[in-house]
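The structure appears below as C-alpha cells.
There are 2 protein chains.
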Amino acid sequence: MNPHLLTRMQELRDLSGLVGLASWDQETYLPRKAEALRASQLATIQGLYHERLVDPRVGDWLDAARPEGRDEVAMVRVFRHERERALKVPGALVKALAEAQSKGLSAWREARAHRDYARFEPALRALLALRREQADAWGHGGERYDALLEGFEPGMRVARLSPVLTALRQKLTPLVQAIEARAPPRRLFEGKTFDPEAQWAFTLELLDAMGFDSEAGRQDRSTHPFTGGTGPTDVRLTTRLFPELPLSSVFSTIHEGGHGLYEQGFDAAHARTPLAQAPSMGLHESQSRLWENIVGRSRGFWQHFYPRYQRRFSAQLDGVPLDDFLREVNRVERSFIRVEADEVTYNLHIVLRYELELRLLRGALDPKDLSDAWNEQTKALLGLTVSHPGEGVLQDIHWAWGEFGYFPTYALGNLYSASLWRALRAALPDVDDAVAAGDLAPVRGWLRAHVHRHGFLDDAETVVRNATGAGLTDEDFISYLQVKYAALYGI
Amino acid sequence: MNPHLLTRMQELRDLSGLVGLASWDQETYLPRKAEALRASQLATIQGLYHERLVDPRVGDWLDAARPEGRDEVAMVRVFRHERERALKVPGALVKALAEAQSKGLSAWREARAHRDYARFEPALRALLALRREQADAWGHGGERYDALLEGFEPGMRVARLSPVLTALRQKLTPLVQAIEARAPPRRLFEGKTFDPEAQWAFTLELLDAMGFDSEAGRQDRSTHPFTGGTGPTDVRLTTRLFPELPLSSVFSTIHEGGHGLYEQGFDAAHARTPLAQAPSMGLHESQSRLWENIVGRSRGFWQHFYPRYQRRFSAQLDGVPLDDFLREVNRVERSFIRVEADEVTYNLHIVLRYELELRLLRGALDPKDLSDAWNEQTKALLGLTVSHPGEGVLQDIHWAWGEFGYFPTYALGNLYSASLWRALRAALPDVDDAVAAGDLAPVRGWLRAHVHRHGFLDDAETVVRNATGAGLTDEDFISYLQVKYAALYGI
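Those protein sequence lines, which keep their order, are chains S and G.
This note's numbering numbers the first residue of the first sequence as 1 and each following residue consecutively.
This note's numbering numbers the first residue of the second sequence as 492 and each following residue consecutively.
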C-alpha cells in the first residue's frame, strides 16, 4: 500500500488517541479551572485531525493506494468512507454546528434547571435545521435519518431498522405486563450503606475475572461511567460509587468492562489503523450489554460471585438468599428515566426516542410539539404520565448537542447481544457451567474470536451474521427475555 | 497583530499542552503495555508541532506581523526565535538525533546495569557528534556550547557563565571544609518508618500553605518527581513516597510546588501565547530552589510546620527537638550522587559536569576519556574516589539522550534564587516573621509580581536584574550559605 497513506492513517489514529486521552482526563483528573483551556486544546487537535483527513494529497494517495490483501482493502475502504463524509460537509456548516451545539448544551442545562422545555426549544430547532442540512450534504435516498444513522451504525437504514423496532415494541409490551402482574421483588438495600472502597475492590475483582488486562488499561472514577483511552493497549474505564446504590458500581463496571474487552481485543496487526475500531456503536454496545445483562445478571454468574460479594458486605447481605438478590438485580418496572431502566423496559425508551427523531428529521413533527409528543408516547408505550420535562423530553443529553440517530444503537446492541449469546452457547455447550464456576474465559474467548479481533473488517451486521448465522433480528432477544423472566417470576 | 499568526501561536501552545498531558500521563497512569503506543502518539504530535512551526506561511505572517505594544512585540520575538532555531536544523539531523537518543538511552541503561562505561561510550560519541553538528547548524561565535545553552538558557553565554562558576567553585570548597570540620548531625530517622498516606497528607498541607491552587493543578505520584501539565490553569506536580525516607516527599513537593507556582502565576492575558512560559530553565529552577532550600529548609518555616509534622508522626518525632530536625534537613556532606546532594555541595556536582561538557563540545576531551576525567574531577572537587561508573559518569540520564548544556541551569537556579531572596527580604522586612507564622503569601506575592507574571516578556537575567537590581552573581548565594551555615554549625 502507498506508504504515505499508511503513515497518514497512523498519524490520524495517534491524534484520535490523544483526543481520547484529553477527553478521559477531562472526566477524571482535570482541575476545575482548566475547563476552558481543555476545550481549546480539544478544538485544536480535532481541527487538525479534520485538516489532515481532508488534505487533498490524501485523495491522491487514496487514488494510488494499491491495497493488497483483505486487511489493506478494508483499511482503504473505511478510511475513504470517513474522508468522503468529512469532505461533504462545508466548513461553514461545521462551524455553525459547533456553535449551535454549545448553545444547545447551555440552553438544555438552563431548561432542565427550570423544568421548562420552552427554554430549550429554539436551540433544538436550530440544531435540527443544521442536522437536516448536514444530512443533505452527506446525501441520502430520500430519508434524511439514514445519513445521520450512518455516522453511528454504518450500513444500517431506516427501512431495515423500523420494522424490527416496531415488532420489538409489540412483543415487549405483553412481556412487561406479564412481569408486572407478579409481585415485585422486595427492596434489599433500603437504609443500608456500602463502603465505596469495598465496592471499588469488588469492581476490580470483577474486571479481573472478565479478563480485562489491567496492564493494557485501567479503571478510574468519574461522574458518568464511560470507556475511552488511546488505543487497544491503553483502554480507560470509569465507574462511580454511591454508598446507598451498591449495584450501580457493579453493573457499570461490568458494562464498561464489556466495552473495554472489545477495545483490547482488536487484532494487534491492525494497531494504529482504521481497522482497530468497532464497525458500529450498536456492535460496541452489544458487548457491554452482553456482559452487563446476559452474563452479569444471570443466575450462574452470581452463583459464583454472590458469596464473594457477601463476604465483602456481610453486615448488609448476610441472610439475604441468592434468589432474592437475583430478583433484585433483575427488577423490572416501568419508569421515566432511560438510564435507570431495566433490560426489558429499556428498549421501549429507545423506540420512543427513535420514533420521535424520525418524525423530527422528516419534518412531520415540529420541535414546539416535541415535549407533548414525548409525553403522549410515554403514556402509550409505558403507561406513565410525565409530570415535568426533567423526567421527560429533557432527560437525555443527546439532543442537547444535536445528536440524532444515536439512540437506536442502544437497541441494536441489545438485539445483537442476544443473537451473539445464542450462537456462543450453541458453540460452547458447557458455558453455563463455566460461568457458574467463575470461569469467564470461554465467553471472552468466543467474543474475541468472533467479534473483537475483526475490528472494522466488515460492517456490524456482517460481523453478527458471520458469528451467528443470522443478521439483525429480535427473535433471540425476545426468546432470551421470555426464558429468563419466566424462570425468575414463575410466569 | 496578524490574526493568522496569533491563531497559529495558540494552536502550537495547545499542541504543546497536549504533549504535556501525554507526558504526564506516561509517568503517572499509563498502562505498562501502552508504552510503545504512547511513544508513537508523542512522536506524531511533536512532528506536527514542528511542521506547523516551520510552515512557510508562518514566515510570511511573521514578516507582516505588525505587533502593537510590549506584549505583542515580545510574543513575536519569542516565537520568531523558536521558529528560526527549528528551521536551522535539517530534517535528516533531527531524525538522526532521535535515533541516536533512543540508542543512547538503551546503551546507557545497559551500561549502568553492568557498571561498564565502555558499553555507553560509542552511543555517547555518536550523540556528541550530532550535537556538535546541531550547534553548528544553529550557529555560534566560535563556542559550540553557546548554541546548546541557548536552548535552555536563552541569552546566556559561556563567556559570562564560566567565570561565575569558576569563582563559585573556589568559594564553595572552603565552606564545605569548614562545615565538615564540625560534628555531623545525628541521624534521626534510622530504623523508623513513616506511613506513606500520612506523608501524602502532609505534602498537600504544604502545597496549600504555599498557595498552590488545587483548582488549577494537582499532585499525583510518580517514580521521579516532576512538574508538567497543559497550561497555567492545569499544572501537574508529582511526588514520591518512601516509608524510610520521609524528607524525600516533603522536599520534592516543596520543590515541585515552587515550579508549580511559577506556572500558575503567568499573566492570564498571556494565556495560549509564547509569553506564558519561563524565559529559561535556570529561572524556573530558581523558583523551585528558593522554595525548597531557602524557604523550606529555614528555621522560620519549620518553627511553624515542625509541630504540625510532629503531630502527624508523633511516634517517630516526639522528643526530637526542632534544632535536631533543622540540622537533619540541612545536613551537608560530600557525596557521589548529584540528585541526593545538599544545597552546599550540589553546585560542585554542576561545576564538574559543566567543565566536562565544555571540553567535550570543544573537542578537548574525547568520550573515551570521559569516565577517567569524571573520576579525576570528583577527586579534585569533592575529594572522593569513585568506585564504579554507576556512582560516577553513568549516574545522570541527561547525556544518555545527548542533553549537553542543561546542567548549568541548575546552578543558575541556585544563584538566581539567592539574589531574588535578598531582594524579597529587602522589600518585605517582616517576611521572616510571616514565614515563621506559617504565612507564605508574602513570598508567593512578591515572586508573582516580580518573576511569575512576566513570563517570557524578557530574558531570565533581565527579569532577575529588574527584580534584584543586579544580574547573574554568586555573591548573594555565597552570603546566604555563609550566614545560614554559620548559625547552624556554629562556624
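Ideal Cβ positions, reconstructed from N, Cα and C, are used throughout, including at glycine.
None of these values were measured; they are calculated from a predicted model.
Can you tell me whether residue i is helix, strand or coil according to DSSP?
i: residue 220(S); result: strand
i: residue 473(S); result: coil
i: residue 458(S); result: coil
i: residue 719(G); result: strand
i: residue 323(S); result: helix
i: residue 684(G); result: coil
i: residue 234(S); result: strand
i: residue 239(S); result: strand
i: residue 1(S); result: coil
i: residue 958(G); result: helix
i: residue 862(G); result: helix
i: residue 982(G); result: coil
i: residue 440(S); result: coil
i: residue 390(S); result: helix
i: residue 499(G); result: helix
i: residue 131(S); result: helix
i: residue 942(G); result: coil
i: residue 106(S); result: helix
i: residue 301(S); result: helix
Within 10 angstroms of the Cβ of residue i, are there 16 or more other Cβ atoms? Answer buried if so, exposed if not.
i: residue 915(G); result: buried
i: residue 415(S); result: buried
i: residue 56(S); result: exposed
i: residue 468(S); result: buried
i: residue 734(G); result: exposed
i: residue 3(S); result: exposed
i: residue 721(G); result: buried
i: residue 974(G); result: exposed
i: residue 962(G); result: exposed
i: residue 498(G); result: exposed
Look at residue i and residue j and say whether their C-beta atoms are less than 8 Å apart.
i: residue 241(S); j: residue 196(S); result: yes
i: residue 679(G); j: residue 580(G); result: no
i: residue 12(S); j: residue 53(S); result: yes
i: residue 430(S); j: residue 155(S); result: no
i: residue 728(G); j: residue 702(G); result: no
i: residue 781(G); j: residue 797(G); result: no
i: residue 1003(G); j: residue 604(G); result: Nothing can be reported for residue 1003(G): it is not among the residues displayed for chain G, which extend from 492 to 982.
i: residue 942(G); j: residue 934(G); result: no
i: residue 219(S); j: residue 207(S); result: yes
i: residue 1059(G); j: residue 790(G); result: The structure shown does not extend to residue 1059(G), since chain G is modelled only from 492 to 982, so the question has no answer here.
i: residue 266(S); j: residue 38(S); result: no
i: residue 337(S); j: residue 292(S); result: no
i: residue 203(S); j: residue 225(S); result: no
i: residue 14(S); j: residue 532(G); result: yes
i: residue 491(S); j: residue 45(S); result: no
i: residue 619(G); j: residue 858(G); result: yes
Measure how close the beta-carbons of residue i and residue j come, nearest whole angstrom, since I'm counting them as under 8 Å.
i: residue 869(G); j: residue 843(G); result: 7 Å
i: residue 131(S); j: residue 148(S); result: 6 Å
i: residue 845(G); j: residue 898(G); result: 6 Å
i: residue 387(S); j: residue 476(S); result: At roughly 36 Å, the Cβ-Cβ gap does not stay under 8 Å, so residue 387(S) and residue 476(S) are not in contact.
i: residue 488(S); j: residue 145(S); result: Actually they are not in contact, since the Cβ atoms of residue 488(S) and residue 145(S) sit about 36 Å apart, beyond 8 Å.
i: residue 947(G); j: residue 565(G); result: 7 Å
i: residue 880(G); j: residue 908(G); result: Residue 880(G) to residue 908(G), Cβ: 31 Å. No contact.
i: residue 263(S); j: residue 227(S); result: 7 Å
i: residue 900(G); j: residue 776(G); result: 6 Å
i: residue 558(G); j: residue 549(G); result: With a Cβ gap of about 14 Å, residue 558(G) and residue 549(G) do not count as contacting.
Could you check whether the Cβ of residue i sits closer than 7 Å to any heavy atom belonging to the ligand MN?
i: residue 766(G); result: The ligand MN is absent from the structure shown, which contains no ligands of any kind.
Counting only Cβ pairs nearer than 7 Å, list the residues of chain B close to residue i.
i: residue 29(S); result: Judged by its chain identifiers, the structure shown contains no chain B, and its protein chains are S and G.
Could you list the residues in the segment 37-52 of chain S with a C-beta less than 9 Å from some C-beta on chain G, going in chain order?
37, 38, 40, 41, 42, 43, 44, 45, 47, 48 and 52
Contact set between the segment 12-24 of chain S and chain G, restricted to residues whose Cβ is under 8 Å from the partner
14, 15, 17, 18, 21 and 22
Give the residues from the segment 355-378 of chain S that approach chain G closer than 9 Å (Cβ to any Cβ), ordered along the chain.
none
Listed in chain order, which residues of the segment 200-215 of chain S have Cβ atoms closer than 9 Å to some Cβ of chain G?
213, 214 and 215
Which residues, taken in chain order from the segment 714-725 of chain G, show a beta carbon closer than 7 Å to some beta carbon of chain S?
721, 722, 724 and 725
Under 9 Å, CB to CB, which of the residues in the segment 94-108 of chain S have a partner in chain G?
none
Chain G contacts from the segment 249-268 of chain S (Cβ-Cβ distance under 8 Å)
none
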